[in-house]
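2 protein chains.
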Amino acid sequence: MRQSMTLIPTLRELPSDAEIKSHQLLLRAGFIKQIASGVYSYLPLAKKALDNIEQIVREEMEKAGAAELLLPALQPAELWQDSGRWYTYGDELMRMHDRHDRSFALGPTHEEVITSIVSDGVPSYKRLPITLYQIQTKFRDEKRPRFGLLRGREFIMKDAYSFHTSEESLDDVYLKMYQAYTNIFTRCGLDFRAVLADSGAIGGKDTQEFMVLSEIGEDTIAYSDSSSYAANIEMAEVNCDYEKSAELEKELTKVDTPGQKTIAEVSDFLDVQASNIIKSLVMIVDEEPVMVLVRGDHELNDIKVKNALDADSVEFADEDHTKELLNCSFGSIGPVNLPSSLKIIADKAVESMMNAVCGANDDDCHYVNVVPGRDFQVETYADIRFIQEGDPSPDGKGTIRFARGIEVGHIFKLGTTYSEAMSAKYLDENGKSHPYIMGCYGIGVSRTLAAVAEQFNDENGLIWPTNIAPYDIHLIPVNMKDAAQEELAERLYNELKGHRFNVLLDDRNERPGVKFKDSDLIGMPVRVTVGKKAAEGIVEVKIRKTGEMQEVKVEQLLDVLTNIFKEL
Amino acid sequence: MRQSMTLIPTLRELPSDAEIKSHQLLLRAGFIKQIASGVYSYLPLAKKALDNIEQIVREEMEKAGAAELLLPALQPAELWQDSGRWYTYGDELMRMHDRHDRSFALGPTHEEVITSIVSDGVPSYKRLPITLYQIQTKFRDEKRPRFGLLRGREFIMKDAYSFHTSEESLDDVYLKMYQAYTNIFTRCGLDFRAVLADSGAIGGKDTQEFMVLSEIGEDTIAYSDSSSYAANIEMAEVNCDYEKSAELEKELTKVDTPGQKTIAEVSDFLDVQASNIIKSLVMIVDEEPVMVLVRGDHELNDIKVKNALDADSVEFADEDHTKELLNCSFGSIGPVNLPSSLKIIADKAVESMMNAVCGANDDDCHYVNVVPGRDFQVETYADIRFIQEGDPSPDGKGTIRFARGIEVGHIFKLGTTYSEAMSAKYLDENGKSHPYIMGCYGIGVSRTLAAVAEQFNDENGLIWPTNIAPYDIHLIPVNMKDAAQEELAERLYNELKGHRFNVLLDDRNERPGVKFKDSDLIGMPVRVTVGKKAAEGIVEVKIRKTGEMQEVKVEQLLDVLTNIFKEL
């Protein structure tokens with residue numbers, strides 16, 4: 001493509017409202033343009049990069065056995081009422097009325113539409129399983145759109161849906177999708193992790209998020225430094241062998257700790273490690289109070305408490321309620337000498353504590369030399385704390401590190417949530433009807449573009465991985481008015497295109513400084529400069545990523561470029 | 001693709017609400033599925049056919065020098081208020097509010113968005129001209145969606161926009177687009193015409209519609225049987241040499257014609273040809289009455305009257321007004337002995353009439369032997385009638401025929417309509433600002449798919465042209481439980497794919513009758529059947545279009561198929 005014929009409106013100034021690198025650079029490099037809050041135009045360079053991502057997605061979806069279709073953005077309200085999401089999705093669902101005052105949703109996802117299509121079109125077990133996908137513009141009315149393409153209101157997604165007669169079949173496709181997603185993000189050049197996630201309110205089972213590691217990510221991931229283990233920190237199991245101290249038991253003693261309430265205060269005041277203090281809280285579990293204990297250097301994870309007690313609801317008791325139960329304030333709660341009606345759940349780490357410190361249910365007092373099992377009885381020991389950096393990885397391989405991540409993909413075993421709500425059923429070999437067992441699998445395509453931009457840039461601009469780059473080569477005649485330069489550039493443009501390189505030819509009459517600055521900013525992998533040595537048949541090749549430059553004789557250019565792209 | 005892994009929900013029954021072939025067949029062959037009135041899902045076969053059309057469009061757009069981008073569907077109301085279309089577009093514009101109660105349009109076209117982008121991004125004449133296009137889902141709230149994909153409310157369009165500093169530059173790109181459109185519809189295999197069209201209210205200049213010839217089309221086209229001339233009948237110029245009769249002038253005579261009012265009645269009663277009767281009407285042109293004459297066998301075109309008189313408005317006088325002016329009713333109007341204040345405009349054909357018949361401005365009477373110029377004076381002779389079948393083509397080549405057409409493309413010189421309304425300006429070499437001169441160029445991509453289906457089918461189903469067909473070859477093992485058949489089919493599936501054929505393998509356990517019926521219905525160009533002679537290495541090749549069948553030895557299959565596709 002000749003640069004004179006396309007639209008790359010680069011900006012010299014930093015856009016004032018763009019907080020993060022990818023947003024700033026995609027704007028400055030003329031890839032995108034905002035039309036409304038969270039709504040962007042993809043200008044020609046972004047369109048080409050999106051095409052490359054979509055092509056990778058299509059190839060991997062095909063390998064995974066999925067067939068492509070295209071569903072409408074306009075979805076009649078009735079379908080969403082059938083699934084119930086019309087009432088639960090809230091303000092994020094964009095809604096409208098047509099000229100006959102019928103209600104429609106602008107699709108944020110397409111479970112309802114695809115379930116209705118498959119329900120009509122695949123009535124029998126004979127045609128199952130089936131996996132269908134689309135790449136499509138979606139709508140979600142985010143409360144606070146931000147970070148450019150990372151959290152927009154109109155965005156491009158790949159969404160896939162699978163339909164099964166058995167859990168095993170769903171497991172099989174889920175695994176294929178896991179592999180496809182791994183391939184896709186690897187081919188995009190991204191540093192990412194597949195992360196165990198919370199299946200949340202939607203009622204499904206297994207679910208994993210694909211997270212691109214980035215400090216601007218909104219989620220915290222716990223991952224192993226020596227294996228593929230990764231999970232959202234809410235989800236990460238703690239799998240520690242807590243060694244019991246060899247210390248001898250000492251006598252339980254009540255000490256004055258006037259005004260000392262927090263773990264840090266007590267630790268300072270009594271000169272003990274936080275890891276030797278028992279943090280005690282009262283929670284209301286399905287309307288019954290329960291005392292919950294974790295080690296002073298650990299954080300309680302209330303989701304784990306809920307799961308460990310198989311409870312429907314858990315919440316923290318307020319200070320009045322606590323006072324009523326224990327006759328003390330928050331900072332002085334402890335498990336010793338409790339009323340027998342108050343059960344105790346404790347994190348596994350507590351079991352190994354020896355001669356520890358805890359609140360005495362008496363303001364301004366603590367116990368020291370507390371021994372679990374001797375001084376109080378625990379109903380349930382369970383994993384109820386957040387994992388921490390330095391913990392062993394739950395899979396037994398390596399040590400846990402934390403990172404922040406941008407969610408670019410999500411695979412999800414839906415089960416029968418939608419098919420039951422919508423009465424979508426197939427007939428088995430005996431003519432009996434069952435709800436389809438379903439999976440769904442999403443990739444944020446435009447978000448992936450932003451994630452790549454976020455991961456690959458330097459102070460001069462973007463640095464596109466070769467698989468995503470809008471063009472392979474940026475070919476720059478320094479001076480378009482120099483006949484030798486122009487002629488050689490035109491010749492190379494045609495020759496390189498003939499060898500299947502995608503070439504952007506900067507045929508603009510601009511100063512060399514402007515051309516080079518723009519070139520670094522838009523970030524094609526390789527720049528070929530046709531300058532003063534054009535008459536001698538010499539050009540300059542620069543690798544954007546490393547900054548490495550070399551002069552190359554024209555007759556060797558193809559070989560040099562082929563080698564560079566082999567290694568990039 | 002294995003048929004077991006994709007979704008082709010064929011129907012045996014004719015869908016009750018589908019009136020036309022393409023709509024019926026696309027539904028029955030499992031290409032599309034309606035989700036709401038005028039809103040369709042494109043199932044896997046349709047998606048593949050759309051991809052093929054889009055690929056052709058992209059290649060031709062690239063050749064024409066256009067760069068691809070992707071604009072948002074959500075467009076802030078403010079942009080549409082700037083252009084004025086927010087107020088004039090009416091109910092067909094789909095509108096919505098976001099969670100903050102800001103108004104948006106769902107884009108039916110993108111003149112506003114692209115003008116705003118180019119206005120910001122291309123401030124100088126140096127970067128002009130530029131042509132940008134996208135392929136995108138559009139929304140238009142049709143009052144009566146019908147004919148399936150032909151008139152839907154959510155549809156796929158290619159829309160291109162060009163920006164210029166001069167009319168000559170616009171002319172140049174308009175011509176390039178004309179050529180690109182001709183190439184696109186030719187490559188789609190369509191029988192079409194580029195038709196001169198009315199630029200209508202939008203205020204542009206030249207405009208042509210690309211019409212696929214089809215009896216279900218909503219527009220009538222006048223085209224030459226021996227040249228590329230074609231126009232909407234409203235637009236077609238009449239370019240006849242009317243020969244003056246050699247007959248001698250006879251004496252003007254008033255005759256009684258009791259109760260004879262219409263041309264047919266008078267023609268019968270007086271035994272004269274309709275072509276020798278003058279049809280007379282009174283029109284109100286810019287508030288002044290004018291008498292309008294055409295030959296009795298011709299139809300008046302009021303748009304031509306308006307253009308010929310350079311009028312702002314023309315309408316027919318009602319009977320009361322006519323009576324007041326001429327003291328007679330509609331059927332007796334004539335140009336002889338008029339009040340001098342009443343000017344006459346006549347079609348050119350009238351000038352050559354001799355000894356004709358006309359009304360006598362006296363009920364139940366007509367004049368015979370009327371001679372224009374002798375018996376009445378005409379202020380203006382002009383082309384004011386509709387062209388007719390049998391007329392010479394206005395370009396002097398061949399004879400006019402009529403056809404009905406489906407509009408699939410439209411190219412349009414917009415001029416400065418949008419840029420002026422939106423104050424979108426560039427700076428010229430002297431730093432002076434001017435509104436961009438614009439063109440716009442649309443193709444109904446999903447409509448083109450339907451038009452192809454409408455043109456290519458028979459009583460058994462669809463017959464896809466090779467360039468559009470979802471798959472080249474439908475490979476059918478007759479009995480999947482026969483090991484020899486299954487094995488050979490699998491082998492051929494892989495071999496043919498290896499030779500770049502797109503193959504659909506019917507690996508379903510269905511009866512042969514079902515497989516063959518489905519195969520004819522979905523209409524891939526070539527069917528390869530692996531049947532009883534599989535063990536002998538013989539398969540059957542059938543060409544869908546001609547029904548031609550032949551037995552082919554497996555080792556010759558590739559050559560046979562290659563030759564067939566060369567000729568299809």
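For the record, the sequence lines run as chains A and B.
Under my numbering, the residue at position 86 of the first sequence is numbered 86, and the numbers go up by one with no gaps.
Under my numbering, the residue at position 365 of the second sequence is numbered 365, and the numbers go up by one with no gaps.
Backbone N, C-alpha and C define an ideal beta-carbon position, used for all residues, glycine too.
None of the values given here were measured: they were computed from a predicted structure.
{"Check": "Are the CB atoms of I384 (chain B) and N301 (chain B) within a distance shorter than 8 Å?", "Outcome": "yes"}
{"Check": "Could you give the DSSP three-state label for R447 (chain A): helix, strand or coil?", "Outcome": "helix"}
{"Check": "Given this structure, state the Cα-to-Cα distance separating R28 (chain A) from A222 (chain A), to the nearest angstrom.", "Outcome": "34 Å"}
{"Check": "What do you get for G203 (chain B), buried or exposed, if any count of 16 or more other CB atoms within 10 angstroms of its CB means buried?", "Outcome": "Residue confidence is low: G203 (chain B) scores 49 on pLDDT, short of 50, so the model does not pin down where it sits. No coordinate-derived value is stated."}
{"Check": "Give me the residue from B:V212, B:T416, B:E319, B:I344 with the minimum Cα distance to V445 (chain B).", "Outcome": "B:V212"}
{"Check": "Per DSSP, I284 (chain B) is paired with what?", "Outcome": "B:P289, B:E315"}
{"Check": "As a quick exercise: from B:F104, B:V282, B:A64, pick the residue whose alpha carbon is nearest that of Q643 (chain B).", "Outcome": "Here chain B covers residues 1 to 568 and nothing more, so residue 643 (chain B) does not appear."}
{"Check": "Could you check which residue in A:K47, A:K343, A:T131 has the C-alpha nearest to that of L7 (chain A)?", "Outcome": "A:K47"}
{"Check": "Mapping the DSSP letters down to three states, classify M5 (chain B) as helix, strand or coil.", "Outcome": "helix"}
{"Check": "Could you pull the DSSP bridge partners for E142 (chain A) from this structure?", "Outcome": "DSSP, once it has assigned bridges, lists no residue as partnering E142 (chain A)."}
{"Check": "I want to verify the contact list: residues of chain A whose CB lies under 7 Å from the CB of V39 (chain B), in sequence order.", "Outcome": "P72, L74"}
{"Check": "Kindly provide the ranges of any beta strand (DSSP E) runs that are 3 or more residues long and lie completely inside the stretch 97-123 of chain A, ordered along the chain.", "Outcome": "103-106"}
{"Check": "In chain B, which residues lie less than 8 Å from Y436 (chain A) when you measure between Cβ atoms?", "Outcome": "What Y436 (chain A) touches in chain B: nothing, since even the nearest Cβ is about 13 Å away."}
{"Check": "Pop quiz: M524 (chain B) and Y471 (chain B) are said to be a contact at Cβ under 8 Å. What is the actual Cβ separation, rounded to whole angstroms?", "Outcome": "5 Å"}
{"Check": "Looking at chain B, is there any beta carbon in it that lies within less than 8 Å of the beta carbon of K432 (chain A)?", "Outcome": "no"}
{"Check": "So, helix, strand or coil for V554 (chain B), using DSSP?", "Outcome": "helix"}
{"Check": "So L132 (chain B) contacts chain A; which residues on that side make the cut at Cβ distance below 7 Å?", "Outcome": "L7"}
{"Check": "Could you tell me the distance, in whole angstroms, from the CA atom of D458 (chain B) to the CA atom of H499 (chain A)?", "Outcome": "44 Å"}
{"Check": "Please list the partners that E324 (chain A) has in chain B, where partner means a Cβ-to-Cβ separation under 7 Å.", "Outcome": "None at all; the shortest Cβ gap to chain B is about 42 Å."}
{"Check": "Taking C-beta pairs closer than 7 Å, name the residues in chain A that L43 (chain B) reaches, listed in chain order.", "Outcome": "L69"}
{"Check": "Between A:V368, A:L132, A:A489, A:R401, which has its C-alpha nearest T253 (chain A)'s C-alpha?", "Outcome": "A:V368"}
{"Check": "When you compare the stretch 283-298 of chain A with the stretch 382-401 of chain A, are there three or more beta-carbon pairs, one atom per stretch, that lie closer than 8 Å?", "Outcome": "yes"}
{"Check": "How long is the line joining the alpha carbons of P435 (chain A) and V118 (chain A), rounded to whole angstroms?", "Outcome": "12 Å"}
{"Check": "Work out the CA separation of P339 (chain B) and N327 (chain B) for me, nearest whole Å.", "Outcome": "11 Å"}
{"Check": "Tell me which residues of the stretch 49-61 of chain A have at least one Cβ-Cβ distance to chain B shorter than 8 Å, keeping chain order.", "Outcome": "L50"}
{"Check": "Spell out whether any CB of chain A is found under 8 Å from the CB atom of I344 (chain B).", "Outcome": "no"}
{"Check": "My output table needs one value for T257 (chain A): the three-state DSSP class, helix, strand or coil.", "Outcome": "coil"}
{"Check": "Can you pull the chain A residues whose beta carbon is under 7 Å from the beta carbon of E154 (chain B), in chain order?", "Outcome": "P72, A73, L74"}
{"Check": "By DSSP's criteria, C188 (chain B) is part of a beta bridge. Which residues make up the other side?", "Outcome": "Paired residues: none, contrary to the question."}
{"Check": "Which of the three DSSP states is assigned to F565 (chain A) in this structure?", "Outcome": "helix"}
{"Check": "Which residues mark the beginning and the end of the beta strand (DSSP E) in which L505 (chain B) is found?", "Outcome": "503-505"}
{"Check": "For S4 (chain B), go through chain A and note every residue whose CB falls closer than 8 Å to its CB, in chain order.", "Outcome": "R127"}
{"Check": "Going by Cα to Cα distance, which pick from B:D286, B:D17, B:T88, B:D159 is closest to A67 (chain B)?", "Outcome": "B:D159"}
{"Check": "Check the Cβ of D120 (chain B) against every Cβ in chain A and list those closer than 9 Å, keeping chain order.", "Outcome": "P9, K33"}
{"Check": "Quick one: measure Cβ to Cβ for L196 (chain A) and A231 (chain A), integer angstroms, because I've assumed they're closer than 8 Å.", "Outcome": "4 Å"}
{"Check": "Could you name the residues of the stretch 83-94 of chain B whose beta carbon sits closer than 7 Å to any beta carbon of chain A, in the order they occur along the chain?", "Outcome": "D91, M94"}
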